[in-house]
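In my numbering, the protein residues as written are 13 to 924. Below is one structure, written out as structure tokens; the observations come after it.
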């Protein structure tokens, strides 16, 4: 036996003796008096809960007599000299569970206490009094875990009502779910994708009562997960854990409602969740702006300022099926969903253009009717061919058909003088499809971490649009009138593919060297033909307008070389490397250019890549990420054609645009204090874009016409930070939550008047948000008071103007359990806006919603609910958009006040 083995043997014996002495001392200290023994288990699974804290207290002063922790099997044993004729109080607690207090005595079955169940829900058992509640949020490694039972929602609520209460959780102006400022791209159920990349399917259709926990984390891509590389393709995930008792059969959740103004809602969700399979069938039909799924063609709005409800009045219908199954070596995920909408939208818009000499204001009203039909199908297949080889296949198909009719009226003012006036109407029919496929093959070449992977992406798309636009424009300075009636046919198609090759080589001292090469090629073709109205024939001409029409082709290629070194240690891990990315864009106008006259643009980008994680403890960690990403201009911006569909807002394409490149630095800090159940999350982000695609706006002071041309410009950047804290007070009935957000954005563009030299227009925009909430909770009621301030400060150098807006929101929510099983829920919110120039309810309004509900039948399967929306008739829907060249305020028609009676039937068909 050598020296090393002898030293190891001696150390092993020394540690063993030390542990034996400690155990003996503990046994001796508890050898007198009486012994109390038992086992701590989970109330739902009855699995043992190891390392739970167990204490024996003397009554009535709660002095501690003995304490310890459960072992790996959840068992404990305490010895204590019990006071004569005085009861004892057993206290059991563990993170994620409500503490348990039980009165015990020496006569309790020879002091054998049996199984003591811990639950995350505040309920009363026969001999056990449960107080407090599960922690609202716990940080574990890179994951934030929210306990659903720590948040109260009205009976019959869906997941959307729950996530709005999460610390740092919100639904933004575009209906996207954000956690700590990051958009949630996918929602999983027990680790399995639920309707792929449509989070709204889960938000709108999964009932809160089936959810036990919510886990928020950034998930790596399929390629990074299997090879360990850092490809920058992480996405924010919300993973739902289903309660154990909800996995024993079919779950049916049916809701039907009817109310005033002929409002109606029908929804049905059928679920079957098991350990190796899931099946969900969802159907919705309503006219209350409550879409069950996301639309394929969503209209985005970069809004800032005030609260936005969904614009317009929408009737929607949807149907979807989600199915998953896990075999021993194969994972299968699939879903198909249909959504149809019919939206009526009335709007009033005011635009303040940033010009140096003139005060330019545009005011318009419009009415749009938009009908959409969308179909999406997704499949995911993962086949573990052997212990070292994995194959992944992801196809997706999307198709959409929409029809729009519109009519509008617009006026343009310059220095308080009316310059123009336009009346317009039109129709639009569009159909499109998009198909993508991803195939990935990875293989481990050694146990030391050597592996190789090949990933192939392919996609094809096509869309066809037929538009008719009729307009009459009056120009008052020169007293002219222009009638423009056009028929426009747009056909866009293209294909793309991408090849990626990854190789990872293990190095000494737990380091790995990784190589990644990617080649991407994309082709887009766009045909734009314009036909003018012939007054004599009283129809559109058969020949297209040569000046306004164009056939355009763009080819884009991209090479990416990445070299990096990574390591993973107990306290930290990092991935440090560099990206080398040459890009080339080749554009060609088929109708006008010589076939050999192609416009070529090439750029070369270099960016370091850093991904560093440090673990201060199991529940406190810091992450720093730095990387770059390229983006190709869209085909509409590249096509060199003049779009004068709106004679007062003309757009001209720019085939000279270069691809843009964005560098991003992010910092994330998470910490959870188990003793005080305090969770804290802090984030920071700095982003700068090279060759950012922005706009140059030329203003004609005689006619008021604005001509917009896209161009590349540097100096567009932003920096933001957020902070989230939630903690209970010493009295656990009180809970405090706060969320802070700060963003500074620098936006550049160009503006010019007539034929003057362009002037660089810069908007410096500061946004600050502070949200506070205080909640008091008892067994019978919960009341929350909240306050929020949203501050926006924008400065433009061209007009030398500064706009400051303040949005105040004060509100309260009350949930009260009345006698006879009746539940009352009411929320009251007061909004005040200053700095906008709004009047009436647009400046300040009071929103009050209330509902009464009662559950019936033996297991409360039937819920009847009466709900009143906007009791004070003060609902508004507005958007403020700030760009480098203008401020735009739009007011939309809102759903308004109505009441509705719902019947909700919830069935859990156990064992079927």
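C-beta atoms are modelled at their ideal positions from N, C-alpha and C, and glycine is treated no differently.
{"Query": "How is residue 134 classed by DSSP in three states: helix, strand or coil?", "Result": "Unreliable placement is indicated for residue 134, whose pLDDT of 35 sits below 50; the coordinate value is still reported in the next sentence. Three-state result, residue 134: coil."}
{"Query": "Would residue 68 and residue 92 qualify as a contact pair, given that the criterion is a beta-carbon distance under 7 Å?", "Result": "yes"}
{"Query": "Name the residue from 789, 816, 812, 864 whose alpha carbon lies nearest to the alpha carbon of residue 832.", "Result": "864"}
{"Query": "For residue 602, which three-state DSSP category applies?", "Result": "coil"}
{"Query": "Would you report the Cα separation of residue 223 and residue 692, rounded to the nearest angstrom?", "Result": "23 Å"}
{"Query": "Once you ignore the five residues that flank residue 326 on each side, which residues in its own chain have a CB closer than 6 Å to its CB?", "Result": "301, 353, 355"}
{"Query": "Leaving aside the five residues before and after residue 688 along the sequence, list all residues of the same chain whose C-beta is less than 7 Å from its C-beta, in chain order.", "Result": "739"}
{"Query": "In three-state terms, what does DSSP make of residue 475?", "Result": "strand"}
{"Query": "Would you grab the beta carbon distance between residue 666 and residue 679 for me? Rounded to a whole angstrom, and I think it's under 8 Å.", "Result": "Rounded, the Cβ-Cβ distance is 36 Å, inconsistent with contact."}
{"Query": "If I measure Cβ to Cβ from residue 39 and keep anything under 6 Å in the same chain, skipping five residues before and after, which residues do I get?", "Result": "With a pLDDT of only 43 at residue 39, under 50, the local geometry of the prediction cannot be trusted, and no value is derived from it."}
{"Query": "List the whole-angstrom C-beta distance separating residue 125 from residue 101, where the pair is believed to meet the contact cut-off of C-beta under 8 Å.", "Result": "At roughly 12 Å, the Cβ-Cβ gap does not stay under 8 Å, so residue 125 and residue 101 are not in contact."}
{"Query": "Can you give the beta carbon distance from residue 241 to residue 526, rounded, assuming they're within the 8 Å contact cut?", "Result": "5 Å"}
{"Query": "Beta strand (DSSP E) containing residue 373: first to last residue?", "Result": "372-396"}
{"Query": "So the candidates are 560, 109, 810; which of them puts its Cα closest to the Cα of residue 654?", "Result": "560"}
{"Query": "With a floor of 3 residues, list each beta strand (DSSP E) that falls wholly inside the segment 186-227, ordered by position along the chain.", "Result": "189-191, 194-201"}
{"Query": "Keeping to the same chain, check which residues put their C-beta closer than 6 Å to that of residue 807; ignore five residues upstream and five downstream.", "Result": "776, 814"}
{"Query": "Along the alpha helix (DSSP H) that carries residue 714, what are the first and last residues, could you check?", "Result": "Residue 714 -> no alpha helix (DSSP H), and no H or E assigned at all."}
{"Query": "Within the same chain, show all residues whose beta-carbon is closer than 7 Å to that of residue 894, passing over the 5 residues directly before and after it, in chain order.", "Result": "316, 775, 777, 806"}
{"Query": "What's the C-alpha gap between residue 934 and residue 483?", "Result": "In the structure as shown, the chain starts at 13 and stops at 924, and residue 934 therefore has no counterpart that could be examined."}
{"Query": "How many angstroms separate the CA atom of residue 461 from the CA atom of residue 580?", "Result": "12 Å"}
{"Query": "Quick test of the definition: if touching needs 3 or more C-beta pairs under 8 Å, does the segment 165-183 touch the segment 210-224?", "Result": "yes"}
{"Query": "With respect to the beta strand (DSSP E) encompassing residue 501, which residues constitute its N-terminal and C-terminal limits?", "Result": "492-519"}
{"Query": "How many whole angstroms separate the CB atoms of residue 486 and residue 570, which I take to be in contact at a CB cut-off of 8 Å?", "Result": "Incorrect: roughly 48 Å between the Cβ atoms, too far for contact."}
{"Query": "Check each candidate in 877, 230, 848 and name the one with the smallest Cα separation from residue 362.", "Result": "848"}
{"Query": "What residue from 474, 524, 453 has the CA that sits closest to residue 511's CA?", "Result": "453"}
{"Query": "Would you say the segment 878-886 touches the segment 278-292, given that touching needs at least three Cβ pairs under 8 Å?", "Result": "no"}
{"Query": "Return the first residue and the last residue of the alpha helix (DSSP H) that residue 239 is part of.", "Result": "234-239"}
{"Query": "Out of 239, 427, 750, which one is the CA nearest neighbour of residue 798?", "Result": "750"}
{"Query": "Rounded to a whole number of angstroms, what is the C-alpha to C-alpha distance between residue 876 and residue 165?", "Result": "16 Å"}
{"Query": "For residue 834, count the other beta carbons within 10 Å of its own beta carbon; 16 or more makes it buried, fewer makes it exposed. Which is it?", "Result": "exposed"}
{"Query": "How many Å lie between residue 918 and residue 871 at the Cα?", "Result": "9 Å"}
{"Query": "Can you find a C-beta in chain C that's less than 7 Å from the C-beta of residue 678?", "Result": "In summary, chain C is missing from the structure at hand, where a single protein chain is found."}
{"Query": "Measuring alpha carbon to alpha carbon, tell me which of 862, 77, 856 ends up nearest residue 826.", "Result": "862"}
{"Query": "If distances are taken between C-alpha atoms only, which option among 150, 735, 345, 748 comes closest to residue 631?", "Result": "150"}
{"Query": "Note down, in chain order, each residue of its chain lying with its Cβ closer than 6 Å to the Cβ of residue 701, except the 5 sequence neighbours on either side.", "Result": "672, 674, 728"}
{"Query": "Are the beta-carbon atoms of residue 63 and residue 81 separated by less than 7 Å?", "Result": "yes"}
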